[in-house]
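Chains as they are written, first to last, in our numbering: chain A, 1 to 301; chain B, 302 to 718.
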């Protein structure tokens, strides 16, 4: 007799597929928030499975900060073409040009916070009622409080203390017009789960996740890549190192780690032995103790 | 991790004083699930407050308000993995006013950890937590008698608390009940075996969690498949494809099985069970699959596919143990939207049969007000028949939520009797 239980990866996969199908059934106009990072690639992969043999019934939405890794954009374009999906791009540069937001000043300036306005504007313009994200509860303490179906008011804001309780697997996505939801199908996955699954399913991911030679500088305890947006500060020197990235955000704030892991197998082993969280190399989260919570309340990813 | 490793979801109930946060911190810390930067962040907070060392409880604090007030407001989920299992902790606050959060956390749990302070023994809160665990049909309840270091690791104290517990818990349905003497603060019997309590022959908490037998917790008898949506690809290759997708709620479906679609009552046979990897011979809970039938039947979201020789109850009248979740109290005879599996329809709160006094756990038939955190037995009438099993037999087809149409808020959660 065969065994009648699922292993942990199959159970996580099944839960995520269930959630993606609920999004399809309960909303009119959902999109997948696609950053080009491994989590949004995983969500897209799960959506492919959830609706096979149909095409994924959601477009991808990319919030383009203008400070991208070129590899990410290349990957995004290839994937949308391969899957035959529409791609909606919300441009932070356009939000700046239109006067909706202004660039941060100072030596630690980033476009990270500006993305929220662009995201909310794009959601409104395209009448999106559900944005599916790759957020995980293990990433950060404010994200640990997220629901699978997370309600946003007409201003796109999250009210973490006043969320709808979510019981069993009954998801309440009911909303008034002008409001939207964020759906987080991989809430219960950890970084290790994601890598184990990527390895198992042989999911294609951007080359940036593999160890490679790159010009970098040492800043805030990690290797920040050299790019046309980088402003060198005193005592900072460009060097070439063999690095890889654990998360992908803006090229200006995403730090790499020194690594020789150039295959999925090596990456999985390396992640399992890591003693730092993946967001430890993201300077956007280091600004204050509640940096993520504050951004999320405003409508951030 | 090994391929056959399972996922175990457990809930922890207790208040700040019981050392619940310390216990979770200890589990994460001793199982090496806490990262250096998290540790550093907490050391920084402790330094700011002028404290020495690491306060393990701080690992579980989430939102800014919670950190400021030192309490948990909402359910927070924590994750850790050992070479044997992946764990999801639903960390819920223990106070009376947070009963709704405890119910929420318990709704998906395989196991519950109930904390008892060794110095105080069984208190009202212990009874309430045990009641909720049994109401939500959590199969495994582990009572951790904490702060054993403060009672000189006394075997007598431990045994005395077990008898107190067994005395009141005999009226609750708990399939698997265990007791472990621990000190979360010192680490005794949490991850590592205590060197102070040689009289305790059992396993430490983590080992217990790693070895609980959970595969038999899922109902494998009653085959139920609530349809989430229908897939109809429009391309050349799949012209006649019509797949009913959903997650198996319970039981096993096999190729060729004689099935009936409810509520229409039409019968057919399973032609194919599809996953994206290809065709399967059988599917069981909680697998997400697509089912194709031999006959063309009109099926849509909210319908349920079941094995013809094993049907659920079908009725417009249900009795439910209801937990009120919203700060606006229930309106008698008011209409709500009831959500049950993938089915959604209007329903009326017809009668409140009794309310449970959460302090004494006795039934109160006088008080008919349903306020937030109240648990009561009610009668609900739906506009169309509901296909359901009792919650005792089936957590998925036996659970409902009520939604207020005026606000779209989830106002109540119920278990069908």
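Ideal Cβ positions, reconstructed from N, Cα and C, are used throughout, including at glycine. Predicted model only: the values in this text are computed from it and were never measured.
Q | Cutoff 7 angstroms; reference residue 38 of chain A; Cβ partners in own chain excluding five residues on either side | A | Excluding sequence neighbours, residue 38 of chain A sits near 194, 198, 205, 209.
Q | Span of the alpha helix (DSSP H) around residue 70 of chain A | A | Where residue 70 of chain A is concerned, the enclosing alpha helix (DSSP H) stretches over 70-83.
Q) So which of B:549, B:442, B:447 has the shortest CA-CA distance to residue 420 of chain B? A) Closest in alpha carbon position to residue 420 of chain B, among B:549, B:442, B:447, is B:447.
Q) With DSSP run on the structure shown, which of helix, strand or coil describes residue 651 of chain B? A) Reduced to three states, the DSSP call for residue 651 of chain B is strand.
**Q.** Cα-Cα separation between residue 508 of chain B and residue 492 of chain B, rounded to whole angstroms
**A.** A straight line joining the alpha-carbon of residue 508 of chain B with that of residue 492 of chain B spans about 7 angstroms.
**Q.** Assigned exposure category for residue 273 of chain A - 16 Cβ within 10 Å defines buried
**A.** That one is exposed.
(Q) Can you look up residue 302 of chain B in the DSSP assignment and give me helix, strand or coil? (A) With a pLDDT of only 48 at residue 302 of chain B, under 50, the local geometry of the prediction cannot be trusted, and the value read off the model is given with reservation. The answer is coil: DSSP assigns residue 302 of chain B none of H, G, I, E or B.
Q) Which chain A residues sit within Cβ distance under 8 angstroms of residue 542 of chain B? A) Here the neighbours are 53.
Q | With 16 other Cβ atoms within 10 Å as the buried cut-off, status of residue 134 of chain A | A | By the C-beta density criterion, residue 134 of chain A is buried, having at least 16 other C-beta atoms within 10 angstroms.
(Q) Going by C-alpha to C-alpha distance, which of A:257, A:71, A:74, A:174 sits closest to residue 706 of chain B? (A) The candidate whose alpha carbon is nearest that of residue 706 of chain B is A:174.
**Q.** Closest residue to residue 482 of chain B among B:500, B:629, B:476 (Cα-Cα distance)
**A.** Checking every option, the nearest Cα to that of residue 482 of chain B belongs to B:500.
Q: Please list the residues of the segment 699-714 of chain B that have a C-beta atom closer than 7 angstroms to any C-beta atom in chain A, keeping them in chain order.
A: If you check each beta-carbon in the segment 699-714 of chain B against every beta-carbon of chain A, the ones closer than 7 angstroms belong to 700, 702, 704, 709, 710, 711, 714.
(Q) List, in chain order, every chain A residue whose beta-carbon is nearer than 8 angstroms to that of residue 405 of chain B. (A) Per Cβ cutoff of 8 angstroms: 165, 166, 167.
(Q) Is it the case that the segment 94-102 of chain A contacts the segment 110-117 of chain A, given that we only count it when at least three CB pairs across the two stretches are under 8 angstroms? (A) Here the segment 110-117 of chain A lies against the segment 94-102 of chain A, with 3 or more beta-carbon pairs under 8 angstroms apart.
Q: Note down, in chain order, all residues in the segment 1-15 of chain A with a beta-carbon under 9 angstroms from any beta-carbon belonging to chain B.
A: Listed by position, the residues of the segment 1-15 of chain A near chain B (Cβ gap below 9 angstroms) are 2, 3, 4, 5, 6, 7, 8, 9, 10, 11, 12, 13, 14, 15.
**Q.** Min CB distance residue 697 of chain B to chain A below 9 angstroms
**A.** Interface residue (Cβ-Cβ distance to chain A less than 9 angstroms): residue 697 of chain B is classified as such.
Q | Chain-order list of residues whose beta-carbon lies under 7 angstroms from that of residue 100 of chain A (same chain, five-residue window excluded) | A | These residues qualify, in order along the chain: 117, 121.
Q. Cβ of residue 607 of chain B within 9 angstroms of Cβ of residue 560 of chain B?
A. At a Cβ-Cβ threshold of 9 angstroms, residue 607 of chain B and residue 560 of chain B count as neighbours.
Q | Selection from A:84, A:300, A:185 that minimises the alpha carbon distance to residue 14 of chain A | A | Scanning A:84, A:300, A:185 for the CA closest to the CA of residue 14 of chain A turns up A:185.
Q: Quick one: which unbroken beta strand (DSSP E) runs of 3-plus residues sit fully inside the segment 161-249 of chain A? Chain order, please.
A: List check, beta strand (DSSP E) in window: 180-183, 212-219, 222-225, 239-244.
Q: Keeping to the same chain, check which residues put their C-beta closer than 6 angstroms to that of residue 26 of chain A; ignore five residues upstream and five downstream.
A: 173, listed in sequence order.
Q) DSSP beta-bridge partners for residue 412 of chain B? A) As DSSP reads the structure, residue 412 of chain B sits in a beta bridge with B:311, B:441.
Q. Buried or exposed: where does residue 311 of chain B fall if 16 or more other Cβ atoms within 10 Å of its Cβ makes it buried?
A. The residue is buried, with at least 16 neighbouring Cβ atoms inside 10 Å.
Q.
Taking beta-carbon pairs under 7 angstroms, can you tell me which members of the segment 56-78 of chain A lie near chain B?
A. If the cut-off is 7 angstroms between Cβ atoms, the segment 56-78 of chain A has nothing near chain B.
Q: Determine the contact status of residue 61 of chain A and residue 31 of chain A, defining contact as a CB-CB distance below 9 angstroms.
A: Contact: yes.
Q.
Give me, in chain order, the residues of the same chain whose beta-carbon lies closer than 6 angstroms to that of residue 589 of chain B; leave out the 5 immediate sequence neighbours on both sides.
A. Cβ neighbours of residue 589 of chain B beyond the five flanking positions: 548.
Q: Tell me whether residue 319 of chain B is buried or exposed, calling it buried when 16 or more other Cβ atoms sit within 10 Å of its Cβ.
A: With 16 or more Cβ atoms within 10 Å of its Cβ, residue 319 of chain B is classed as buried.
Q) Would you say residue 622 of chain B faces chain A, with C-beta separation under 9 angstroms as the test? A) With 9 angstroms as the cut-off, residue 622 of chain B does not count as an interface residue toward chain A.
Q. What are the boundary residues of the alpha helix (DSSP H) that includes residue 405 of chain B?
A. Unbroken alpha helix (DSSP H) run through residue 405 of chain B: 400-407.
**Q.** Interface residues of chain A facing residue 521 of chain B [CB-CB closer than 8 angstroms]
**A.** In chain order: 4.
(Q) Let me check one thing: in DSSP terms, what residues is residue 54 of chain A bridge-paired to? (A) Answer is none; residue 54 of chain A lacks a bridge partner.
(Q) Please list the terminal residues of the continuous alpha helix (DSSP H) segment that includes residue 93 of chain A. (A) Per DSSP, residue 93 of chain A belongs to the alpha helix (DSSP H) from 92-97.
Q. Can you tell me the Cα-Cα spacing of residue 1 of chain A and residue 583 of chain B, whole angstroms?
A. Note that residue 1 of chain A scores 38 on pLDDT, short of 50, meaning its location in the model is unreliable; the coordinates nonetheless yield the value given after this. Approximately 12 angstroms, taken between the alpha carbons.
Q.
Within a Cβ cutoff of 6 angstroms, which residues of the same chain sit near residue 89 of chain A, ignoring the five residues on either side of it in sequence?
A. 62, 64, listed in sequence order.
Q) Closer than 9 angstroms, CB to CB, is residue 82 of chain A near chain B or not? A) Judged by the 9 angstroms Cβ criterion, residue 82 of chain A is not in contact with chain B.
**Q.** Limits of the alpha helix (DSSP H) - the one that residue 714 of chain B falls within
**A.** Careful: residue 714 of chain B lies outside any alpha helix (DSSP H), inside the beta strand (DSSP E) at 711-717.
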